[in-house]
Structure formats: C-alpha cells, structure tokens
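Just add 1059 to wherever you are in the sequence shown, counting from 1, and you've got the working numbering. What follows is a single structure, written as structure tokens, with notes after it.
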Amino acid sequence: MEAFAARLSALRDRALAAVRETADPTSLEQVEAAYLGRKGELRTLLGGIGGLPVEDRPRVGALANPIREDLERAIAQRRERLESIALEVRMAGERLDVTLPGRPLRRGSLHPLVETEREIARFFGRYGFVAYESPQVETDELNFQALNIPEDHPARDLWDTIYVEPLSVGGTDGAAETDGRFLLRPHTSPGQIRAMREMTPPIRVLTPGRCFRYEALDASHASEFFQVEGLMIDEGTSLAHLRGLLDEFAHAMFGAGRPTRFRPGYYPFTEPSVAFDIQCVVCDGAGCSACKRTGWMTILGAGMVHPVVLRNGGHDPERYQGFAFGMGVDRITMLRYGISDIRAFLANDLRFLERF
C-alpha cells in the first residue's frame, strides 16, 4: 500500500514539473495526454489497483482522485498563462503607432440644390416663416382654379402641365379621391391654397418642393426642378413689406449692398405683380451675355395676393392682405455658384458634386 502511494506521489510531482516546463499550447497538450490521457501514466498506474488487497483499494482511490484534480487544475492554469503570453506577444507585434498619419476619409456633402434650399429656409425662418409640405400630384382645382386661373384662362399656357390618370392617384378601390383632373404640379403654389385653408392669420409659410413641366431639356430648362414659394397674410400687409424682405434675402444670398429692383410683372394669382431683379452677378451691372446686356438678373416673381385667391383660401380680402413670392432653387444655385448648365444637377457626376 505504501509503495503504491509513493508511486502516485512521485507521478504527481513529475507531472506538475512537466506542466511548468511547457512553453506552448502544443507541448502542454502532449503533457496532458501523457499523464491524463486514456493511455496516460495515471490511468496505467491506477490499472494496477486490482492487484492490491481489497481493503486497500478504497484508500488508494482516495489518494488518486486529488492527484487527478491537482493535475487538471495545474494544466488549466498553465493553458491560461500560455494564452495570455501569446496575446501579449501578438499585441506587441501589432502595436499601432498613433503618431503616424491616418488614411483620409472621403467625406460626402449635401447636394448644392439641397444646401441652397436649406439656406433659403433658414433665412426666411428668421422672419417666422415655416415650411409647409404639399403633394406633388395635385388637382386641377387647387393648381389653377383656386389660384384665379379658370379653365379658359390664357395664362394656363404659361405652364407646360403634365396631366395624369385620375385612377392612379388614390381613393377607394382605385377611384379618384375628388372629381376633376389630376396633374404633376408645375409650381408649389397649390400648397399656399392648402395652407390658407388650414391656418388662420397671421400666416407665414414656405412651400418648397419638386415641380414638373413638359419641357425639352437644355442648359436652362428641365422637366423636373425645385421651387420655394413664400406666403404672408396679415392685416395691413403691403408691398413695402415684401420689398424690404426680398432686399434682405438678396443681400443674404448674393452679398450685402447688391442693388435690387422691382419691375412690373404678371401672375394671375397676384395683383400687383412684380419681377424682382438683382444686379448681374457676372458683370456687376456692366452688361454681358448672361444678363442679356441689361445689367440685371431676375431671381424671382412676387406680388400682393389677389383678392380672389384670398377668398378661395378662406379669408376676407377686405380685412386681410398678403404677399407671395416664388423662386427656382435651381436658378438661385446656378447664379450663386456660376453654374451654366442646369443638367449638371441631375448628372450624378462626382467631379461636379465634389466641388460643394
């Protein structure tokens, strides 16, 4: 019995020493197999228990189990230590020099049309104007009739309108929501009628959005473009208020001190109507091909809201007055950045877009 116990103790000491001397996970696995494997020394030694007297066998088993547990614990601790050493070595080899310059990231930017539209909204937002979104598919009634453009009005020729099938724009079981024709809005003015019918004065709204017209694509025309229109309705509103606001807008967008002017214009939904011009941004008034030798460039149309339009919007023209203005975001952007071809905005050309 004592001899068998001595052999177990010697095996334990020899195995623990072998575990401590391992230098890598592979050698540790070999030691584990040599001592604790199916054909390992510990199992082989315990296989001789059958030659001991019956009364000694439980005592030998009680000695063997702690030895097995000691070896398993030592192997687990050594494995953890070897893995830690390997991680330290790998981290030392992969250490980054944070003083080295990094790779530059390609940063995106807003599309110039989006940036211009947001800048317009920020400017008028300082004066209390809020954005009002309206549908791109509109009714003939809101797009024309409510804006003082009846069915037989010659001003309808000013818009190359794209009409759509009524059954394609909502309603129950494909039926149109309202009677009348539907169209892709050629301007965002219908949003002003919607805003007037939903709000009570004082009203200050911007109606930005995408517009559509049946036009041939060239350097200055597109069948799809962006507009921002503004509307203010209150008691005592005058053309002087409109002029002061647009002067401030022109100076914010094109530089302080740039001369501006009103010219008589015509729009069915305003009376009087004006064209708002700024001094040519190319020649500063000297006269060039960009301004057709006039020294001036028109950037938007405006005027006092027609009494018929006020009434169609649900407000008494005897009590309230209002002004409206509208501009093409594409044109404002082209003038600000010296862009000569409107088609560049839709070309998805990174060489162009990376300029902004």
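The beta carbon of each residue, even a glycine, is placed where N, CA and C say it ideally should be.
With 16 other Cβ atoms within 10 Å as the buried cut-off, status of Gly1233: With a pLDDT of 41 at Gly1233, under the threshold of 50, the modelled position of this residue cannot be trusted, and the question is left open.
Glu1192 versus Phe1411: straight-line alpha-carbon distance, rounded: 29 Å
CA-to-CA distance, Asp1216 to Ala1311, given in whole angstroms: 34 Å
Residue interval of the alpha helix (DSSP H) (run including Arg1410): It spans 1409-1412 - the alpha helix (DSSP H) in which Arg1410 sits, taken as one unbroken run.
At least 3 beta-carbon pairs within less than 8 Å: the segment 1358-1367 vs the segment 1327-1335: yes
Residues near Gly1187 by beta carbon distance below 6 Å, same chain, minus five either side: Arg1263
Inter-residue Cα distance where the pair is Val1333 and Val1388: 19 Å
Cβ neighbours of Val1223 in the same chain (closer than 6 Å, five flanking residues each side left out): Phe1241
Whether Arg1269 touches Asp1219 by CB criterion (8 Å): No. Outside cutoff.
Residue environment, Ile1358, which counts as buried when at least 16 other CB atoms sit within 10 Å: buried
Test item: CB-CB of Gln1195 and Leu1243 under 8 Å: yes
Neighbour-count burial assignment, Ser1248, 16 or more Cβ in a 10 Å radius: buried
Coil, strand or helix - Ala1190 by DSSP: strand
His1028 classed as buried or exposed, judged by whether at least 16 other C-beta atoms fall within 10 angstroms: No answer is possible for residue 1028: it lies beyond the span of the chain, which begins at 1060 and ends at 1415.
Where Arg1272 sits in the DSSP three-state scheme: coil
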